[in-house]
Amino acid sequence: MAKIAASGRLGQVAARHYADLPSLRPLHETAVADAFRAAVAAAMPTVLPPTAEQALRKAPDQAEPLMPLATVGPLLDGEQDVWLAACAGFHNSPFAEAGSPCAQPFWGCLDCPNAVITARKLPAILAFLVFVEEQRLSLPATDWAAKFGRVHARITAQVVPAFSDAVIADARRQMESERLYLPPEARA
């Protein structure tokens, strides 16, 4: 046994004889699925519906795992807003060298763990969604999917459903009553 352990074959033997049991397969598949869900969640923005935003305002220390305590107030007050989200780390982007500004296009926020999406940003997100859906009419399907498919899915499947119908309706009214700026890189 010591020879097998020293040769590094012990793990192989254990895996072959004990880990690959049919009765353990659901456990293994669940562990892998949970790991994938955790990895995806870590790469996504934080979506704060109004109730969660109010709770965070009352207990800002609850944000500590996601961002420094000193960042919470300015972030929730709009002082760190970029076009589609509030940014908890514009100079600490996972897509750029530490200390340099984020170089992602504005819709990169929808795939960024630094992004915090609140009801305040919904009018811009909904305006961008309208633009994305208009582009579907003029671009070949493969081009549209490459440029906008993932962001469209993120907005329609993860961001919008996090908010109540009333909050979405208010955001739509605001979007329609205000002329919202669309950054030029959206049209490029």
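Under my numbering, residues 27 to 214 are what the sequence shown spells out, in order. A virtual CB, placed ideally from N, CA and C, is assigned to each residue, including glycine. Since the model is a prediction, treat every value here as computed from it, not as a measurement.
Top-ranked residue by Cα proximity to residue i, from the options
i	options	result
Ala-141	Val-193, Val-108, Leu-152, Gln-161	Val-108
Cys-138	Leu-110, Phe-157, Ala-145	Leu-110
Ala-124	Pro-131, Phe-116, Leu-136	Phe-116
Met-201	Ala-145, Thr-182, Ala-183, Arg-176	Ala-145
Trp-133	Lys-173, Ala-78, Leu-50	Lys-173
Ala-179	Leu-136, Glu-160, Phe-121	Leu-136
Thr-182	Val-156, Thr-168, Ala-167	Val-156
Gly-175	Val-158, Ser-164, Leu-50	Val-158
Arg-198	Phe-154, Gln-88, Ser-164, Glu-160	Phe-154
Ala-114	Ala-129, Ala-96, Ala-85	Ala-96
Leu-101	Leu-92, Ala-112, Pro-91, Pro-94	Ala-112
Ala-78	Ala-192, Ser-164, Ile-143	Ile-143
Val-177	Ala-192, Gln-161, Pro-166	Gln-161
For residue i, three-class secondary structure by DSSP
i	result
Asp-87	helix
Cys-135	helix
Pro-209	coil
Asp-103	coil
Pro-48	helix
Leu-92	coil
Glu-202	helix
For residue i: DSSP bridge partner residues
i	result
Thr-72	Val-142
Within-8 Å CB hit, residue i to chain C
i	result
Cys-135	Going by chain labels, chain C is absent from the structure shown, which holds only one protein chain.
| query | For the region 148-166 against the region 198-210, are there 3 or more C-beta pairs whose distance is under 8 Å? | reply | By the Cβ criterion, the region 148-166 is in contact with the region 198-210, since at least three pairs of Cβ atoms, one from each stretch, lie closer than 8 Å.
| Which whole runs of the beta strand (DSSP E) in the region 106-190 are 3 residues long or more, in chain order? | Restricted to the region 106-190, the beta strand (DSSP E) segments that are unbroken, complete and at least 3 residues in length are 141-144, listed in chain order.
| Are the region 69-79 and the region 183-199 in contact at 8 Å, needing three or more beta carbon pairs? | Contact holds: three or more Cβ-Cβ distances are below 8 Å.
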